[in-house]
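Just so you know, we're using our numbering here: the sequence shown kicks off at 163 and counts up by one.
Written below as structure tokens is the structure these notes are about.
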Amino acid sequence: MVGAIRESSSNPEFFGSSSAGFFMRQINAGIDSSLEFQSPRHGCGGCRTLGPVDSLTACTATRLDRDYVLPSRKMADALLKAYWDTIYPVYPFVDRASFEKNYQALWTGSEMQPHGRIVVGTVNIIFALGAQVLQSIPPERRQATGRVYYERARGSLEGLSWDTSSLDLVAALLLMGVFLQTMNTPQRCWMVIGHAIRMGQSLGIHLLCPKVDGKSRRETEMARRVWHGCVLLDRVLSMTFGRPGMISASLSTMVPLPLAVDDDFLDRQEHGSPMRPDGRPCVMTFYVAQLQFYSIIDDILRNLYVNSSEERGNQDDIAIVLRLDNALVKWMDNLPEYLRTPSLDVSDSLIRRLAIINTVRFLHARILLFRPILTQLCLHSHRRPTSIESLAQRTALQCSNLCLTASHQIIDMIYANLDFAFVTGPLPSWWYCVLYVYTAATVLVAERLQPAIADGISEYSYHTSWAHAFDILTAYSRVGDSAKRCITALEALSARIPPKPGAGDSCLEANIDLQGPFMPLPFDLLRDEIALGDSLTQLSEMAWLHDIPGSV
Numbered sequence: 163m164v165g166a167i168r169e170s171s172s173n174p175e176f177f178g179s180s181s182a183g184f185f186m187r188q189i190n191a192g193i194d195s196s197l198e199f200q201s202p203r204h205g206c207g208g209c210r211t212l213g214p215v216d217s218l219t220a221c222t223a224t225r226l227d228r229d230y231v232l233p234s235r236k237m238a239d240a241l242l243k244a245y246w247d248t249i250y251p252v253y254p255f256v257d258r259a260s261f262e263k264n265y266q267a268l269w270t271g272s273e274m275q276p277h278g279r280i281v282v283g284t285v286n287i288i289f290a291l292g293a294q295v296l297q298s299i300p301p302e303r304r305q306a307t308g309r310v311y312y313e314r315a316r317g318s319l320e321g322l323s324w325d326t327s328s329l330d331l332v333a334a335l336l337l338m339g340v341f342l343q344t345m346n347t348p349q350r351c352w353m354v355i356g357h358a359i360r361m362g363q364s365l366g367i368h369l370l371c372p373k374v375d376g377k378s379r380r381e382t383e384m385a386r387r388v389w390h391g392c393v394l395l396d397r398v399l400s401m402t403f404g405r406p407g408m409i410s411a412s413l414s415t416m417v418p419l420p421l422a423v424d425d426d427f428l429d430r431q432e433h434g435s436p437m438r439p440d441g442r443p444c445v446m447t448f449y450v451a452q453l454q455f456y457s458i459i460d461d462i463l464r465n466l467y468v469n470s471s472e473e474r475g476n477q478d479d480i481a482i483v484l485r486l487d488n489a490l491v492k493w494m495d496n497l498p499e500y501l502r503t504p505s506l507d508v509s510d511s512l513i514r515r516l517a518i519i520n521t522v523r524f525l526h527a528r529i530l531l532f533r534p535i536l537t538q539l540c541l542h543s544h545r546r547p548t549s550i551e552s553l554a555q556r557t558a559l560q561c562s563n564l565c566l567t568a569s570h571q572i573i574d575m576i577y578a579n580l581d582f583a584f585v586t587g588p589l590p591s592w593w594y595c596v597l598y599v600y601t602a603a604t605v606l607v608a609e610r611l612q613p614a615i616a617d618g619i620s621e622y623s624y625h626t627s628w629a630h631a632f633d634i635l636t637a638y639s640r641v642g643d644s645a646k647r648c649i650t651a652l653e654a655l656s657a658r659i660p661p662k663p664g665a666g667d668s669c670l671e672a673n674i675d676l677q678g679p680f681m682p683l684p685f686d687l688l689r690d691e692i693a694l695g696d697s698l699t700q701l702s703e704m705a706w707l708h709d710i711p712g713s714v
């Protein structure tokens, strides 16, 4: 989902400067700078030739039979519960009360509202998402199982989605886009979310007074949840792929945010609150907070990644970073305590997971925020230092230090909370964990180009965090191929960095064992199976600090 170093293809796709892949190409340039080597540049830094998307259309049943196939009731209920427990709190796009009625109607043969094909498609995409997190499904089977249900959902909605518009269909397309983030189909994911946005606009839900059937509070709130879901995923994919979003900042703020009111109270609670009327924490508070968070992410992308730092200047970058970091810290401080501090003492496992997600996303945002400055440090690491250190230079070093610290913290938090046996845990969805860990690991590699950025970091070790990152990616490789590509890319990248001459006390000395962290992993097999793109070989640009192999 996060674009891209992967197999060659005739289909050009663009991955811009906020993508993890672009960062990787930039760090490669830093490696070349330290080697006093300049490799030839080829074309646009963001345009890549990517591998063919695997065909997702193979099926043996007829379209009608495929659409209405259901698993056993026991399996269906388990998949649905996994979705409600894990996916729905993060993406509350469907009206749960209405969905439950239609779900029961599927089994009894009763009439369904809305259109039956929309219901069947929604049920199947929910099954597909549930399969990604259901512990009873072996990790190695989760993606294939989810793909079966995705195919059924796509068959139900194909054709219908071009000619019909409804809030339920927009919600189904958004969930389909979420699922496509788990697969090696970034273009399809991008287009499905774009389709959902256009359909939502055709319904008018982007307006202050949306034209939706009915005027109840529940219907108004669901329209707001779905529209802001469009805004959310537009920004997530823009960050991931380094592409401009479809929804402008002004348009995204026209519709009020949904209320922090859980589904059970939508018909009787007029005002949002972090606590429900029954005294329990409100789960919808998390969703509202994420919408606010991704507004800051949008500011980061527009200010730091749309234009190159050469056009702005390093001093301008620092001024922007200080302002946006203050916004991030303020957002974190304003969260309710139960969403801000992950604690083992919390009895509600869902609330603990949401707090962990908030923390991990906050740390990843800080990496995105400070990474352009780190990139400049790595690009200029071969330059002779000036006799007088400027405030801008000292600030840039401190920003890079915070970037590295956030990288250690992400790896540490995911490692501490991942169940390595079942590849589950109170964490972000696995495809996001792969993105976060890979992004953090590339910053660890940058430390080897600029050891000064690690000054003052005593609670974390490069070797420990690096080994933990590989342990995490190895675990997730049982679920998705993107983790395997990340492992291979990191191995190849790390092997290119030369040992530092003139050893001292640092872990980055000349006697460092570059192959040490990789020995337990089957890299020869991975090399045979996965072709690396040119981001690892074109080291004259620091883009590998922005690249990620394949799509997560």
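Ideal Cβ positions, reconstructed from N, Cα and C, are used throughout, including at glycine.
{"Query": "Integer-rounded CB distance, given that Pro420 should sit under 8 Å from Arg387", "Result": "5 Å"}
{"Query": "Distance between Leu428 and Gly434 (C-alpha atoms, nearest Å)", "Result": "10 Å"}
{"Query": "Gln305 and Phe584 closer than 9 Å at C-beta", "Result": "no"}
{"Query": "Beta-carbon contacts of Phe448 that lie in its chain and below 7 Å, excluding the five residues immediately before and after", "Result": "Pro251, Leu501 and Leu516"}
{"Query": "Pairwise C-alpha distance: His357 and Leu337", "Result": "12 Å"}
{"Query": "Short Cβ contact (9 Å threshold) for Ala333 with Thr402", "Result": "no"}
{"Query": "Member of Trp246, Ala259 and Tyr456 whose CA lies at the smallest distance from the CA of Glu381", "Result": "Ala259"}
{"Query": "Beta-bridge pairing of Met437 - partner residues as DSSP gives them", "Result": "Pro443"}
{"Query": "Alpha-carbon to alpha-carbon, Gly317 and Leu606", "Result": "44 Å"}
{"Query": "Helix, strand or coil at Thr586 according to DSSP, with G and I counted as helix", "Result": "strand"}
{"Query": "Straight-line Cα distance separating Arg397 from Ser505", "Result": "29 Å"}
{"Query": "Beta-carbon proximity check, Pro590 vs Ile482, cutoff 9 Å", "Result": "no"}
{"Query": "Enclosing alpha helix (DSSP H) for Arg258 [first to last residue]", "Result": "Arg258 to Thr270"}
{"Query": "Boundaries of the alpha helix (DSSP H) in which Leu577 is found, first to last residue", "Result": "The sequence shown places Tyr at residue 577, not Leu. It spans Leu553 to Asn579 - the alpha helix (DSSP H) in which Tyr577 sits, taken as one unbroken run."}
{"Query": "Where Ala240 falls: helix, strand or coil (DSSP)", "Result": "helix"}
{"Query": "Three-state secondary structure (DSSP) of Glu320", "Result": "coil"}
{"Query": "For Ser327 and Leu365, the rounded distance between their alpha carbons", "Result": "7 Å"}
{"Query": "Reduced DSSP category for His368 - H, G, I as helix; E, B as strand; rest coil", "Result": "coil"}
{"Query": "Which listed residue (Ile513, Phe455 and Asn579) has its alpha carbon closest to that of Arg442", "Result": "Ile513"}
{"Query": "Distance CB(Leu486)-CB(Ile458) smaller than 9 Å", "Result": "yes"}
{"Query": "For Met575, the nearest candidate out of Trp593, Thr557, Val599 and Asp460 (CA to CA)", "Result": "Val599"}
{"Query": "Residue range of the alpha helix (DSSP H) that includes Thr601", "Result": "Trp592 to Leu611"}
{"Query": "His625 - containing alpha helix (DSSP H), residue span", "Result": "Tyr624 to Tyr638"}
{"Query": "Met361 burial status per 10 Å Cβ neighbour count (16 or more: buried)", "Result": "buried"}
{"Query": "Boundaries of the alpha helix (DSSP H) in which His390 is found, first to last residue", "Result": "Arg379 to Phe403"}
{"Query": "Spatially closest choice to Leu530 from Ser627, Cys561 and Leu413, by CA coordinates", "Result": "Cys561"}
{"Query": "Separation of Trp592 from Asn579, as counted between CA atoms", "Result": "12 Å"}
{"Query": "Ser327 - containing alpha helix (DSSP H), residue span", "Result": "Taken as a continuous stretch (DSSP letters only), Ser327 belongs to no alpha helix (DSSP H), as it is neither H nor E."}
{"Query": "Whether Val295 touches Ala238 by CB criterion (9 Å)", "Result": "no"}
{"Query": "Pairwise C-alpha distance: Arg533 and Leu683", "Result": "Low per-residue confidence applies at Leu683: pLDDT is 28, beneath 50, and the placement is therefore not dependable, though the value from the model is reported in the following sentence. Rounded to whole angstroms, Leu683 to Arg533 spans 29 Å at the Cα level."}
{"Query": "Between the CA atoms of Leu559 and Phe455 - distance to the nearest angstrom", "Result": "26 Å"}
{"Query": "Under 9 Å between C-beta atoms of Gly391 and Tyr265", "Result": "no"}
{"Query": "Leu539 burial status per 10 Å Cβ neighbour count (16 or more: buried)", "Result": "buried"}
{"Query": "When Val282, Gly278, Trp246 and Gly321 are compared against Leu291, the one with the closest alpha-carbon", "Result": "Trp246"}
{"Query": "CA nearest to the CA of Phe261, picked from Ala568, Val310, Val281 and Asp633", "Result": "Val281"}
{"Query": "Boundaries of the alpha helix (DSSP H) in which Gly283 is found, first to last residue", "Result": "Gly278 to Ala293"}
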